[in-house]
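S.K.:
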Amino acid sequence: MSGHPPRPLASRLPGVAPIINQWAVITIVLSGIALVFGVVFIRRGNREAHMRAMLTASALATVFLVLYLTRLALGYEKAYAGPDGWRGAYFTLLISHIILAAANLPLALGALWHAWKGLRAAGNLGNIDAPAARPSFNRHRAWVRWTVPVWLYVAVTGWIIYLVLGRYGEVVTG
Ligand code: HEM
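What the sequence shown shows, in our numbering, is residues 712 to 885, in sequence order.
(1) Closer than 8 angstroms by C-beta to Ile731: which residues in its own chain qualify, once you throw out the five before and the five after it? Chain order, please.
(2) Looking at the unbroken beta strand (DSSP E) that takes in Tyr791, where does it start and where does it end?
(3) Pull the bridge partners of Val750 from the DSSP assignment, please.
(4) Would you say the beta carbon of Thr858 is closer than 6 angstroms to some non-hydrogen atom of ligand 2?
(5) Taking the alpha carbon of Met765 as the point to measure from, which residue in Phe748, Gly869 and Val774 has its own alpha carbon closest?
(6) Rounded to whole angstroms, how far is the Cβ of Ser859 from the Cβ of Gly743, which I believe are closer than 8 angstroms?
(7) Evaluate Trp862 with the Cβ neighbour count: other Cβ atoms within 10 Å of its Cβ, from every protein chain shown; 16 or more gives buried, anything less gives exposed.
(8) Can you grab the Cα-Cα spacing for the pair Gly837 / Leu874, in whole Å?
(9) What does a CB cutoff of less than 8 angstroms around Ser713 pick up in its chain, not counting 5 residues either side in sequence?
(10) So within the region 773–843, which uninterrupted alpha helix (DSSP H) runs reach at least 4 residues, ignoring any that extend past its ends?
(11) Consider the C-beta atom of Ile806 and the heavy atoms of ligand 1; say whether any pair is separated by less than 6 angstroms.
(12) Report buried or exposed for Ala819, applying the criterion of at least 16 other Cβ atoms within 10 angstroms of its Cβ.
(13) Where does Gly726 fall in DSSP's three states?
(14) Measuring only from the beta carbon, is Arg852 closer than 6 angstroms to any heavy atom that is part of ligand 1?
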């Protein structure tokens, strides 16, 4: 027993947590870009490309979640140490980002669930107006009305927060 409190894991693995943090923001921004491609594809009527882009966006968001949770487990945290005049704006952005990031997971799962149910009922993406499939795709459309803007907001604000903390952040743990 040395009597010292245990040091956070991140401080015993110097340099790892900032790299994980960097990759987390890269994956969430790429997922936002894949999402925009997915919306453009469906607007143009290309359902196959839409499905692939949205599955890519979902996979990237899952990688983001794993990296983010790893960073939390390592105990790496940065605090805002920028101009006081911007503190209120920064925290408003941060809190809205956290709340909507948590909401994004069930929203994305709901959108995917109805798309998958619709695809199973339709058999293929050329048959989405089949009576058995139509209700699922209508629900898919209803869910994505919320999923897409929330996802984009989370991706863009996540990137902004990363840039702000890169300029004005102080490592408090790790
Ligand atoms: C979470 C991931 C997804 C998001 C955010 C998303 C988003 C969207 C959006 C914005 C639309 C246009 C809605 C409208 O015009 O009102 C749409 C339609 C559509 N999506 Fe997705 N999508 C996702 C995953 C998928 C997947 C995996 C499939 C494939 C099974 C799929 C199949 C479709 C189809 C077939 C339509 C056209 C529905 C219709 O015309 O009624 N989507 N989606």
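No residue lacks a Cβ here, since even glycine has one placed at the ideal position from N, Cα and C.
Computed from a predicted model, the values in this text were never measured in an experiment.
M.R.: Reading from the atomic positions:
(1) Counted from its first residue, the sequence shown places residue 731 at position 20. Closer than 8 angstroms at the Cβ level, and outside the excluded window around Ile731, lie Leu778, Thr781, Arg782, Leu785 and Tyr787.
(2) Residue 791 sits at position 80 when you count from the first residue of the sequence shown. First-last of the beta strand (DSSP E) with Tyr791: Glu788 to Tyr791.
(3) The residue labelled residue 750 in the question sits at position 39 within the sequence shown. Partner(s): none; Val750 has no beta bridge.
(4) With respect to ligand 2, the structure shown offers nothing to examine, as its ligands consist of ligand 1.
(5) Position 54 of the sequence shown, counting from 1, holds the residue named residue 765. Considering only alpha carbons, the answer is Phe748.
(6) Locating residue 859 in the sequence shown gives position 148, where the first residue counts as 1. Locating residue 743 in the sequence shown gives position 32, where the first residue counts as 1. Here residue 859 turns out to be Val, not Ser, going by the sequence shown. Their Cβ separation, rounded to whole angstroms, is 10 angstroms, which puts Val859 and Gly743 out of contact at 8 angstroms.
(7) Residue numbering aside, residue 862 sits at position 151 when the sequence shown is read from its first letter. Buried is the call here.
(8) As a first step, residue 837 is located in the sequence shown; it is residue number 126 there, counting from the start. As a first step, residue 874 is located in the sequence shown; it is residue number 163 there, counting from the start. If I take the Cα positions, the gap works out to 43 angstroms.
(9) The sequence position of residue 713 within the sequence shown is 2, counting from 1. Unreliable placement is indicated for Ser713, whose pLDDT of 49 sits below 50; no coordinate value is reported for it.
(10) 798–833
(11) Here residue 806 is taken as the residue at index 95 of the sequence shown, counted from 1. No; taking the cut-off as 6 angstroms, the Cβ of Ile806 has no heavy atom of ligand 1 nearer than that.
(12) Here residue 819 refers to the residue found at position 108 when the sequence shown is read from its first residue. Classification for Ala819: buried.
(13) Taking the first residue of the sequence shown as 1, we reach residue 726 at position 15. In this structure, Gly726 counts as coil in the three-state DSSP scheme.
(14) By 1-based counting over the sequence shown, the position of residue 852 is 141. It does: the Cβ of Arg852 is within 6 angstroms (strictly closer) of some heavy atom of ligand 1.
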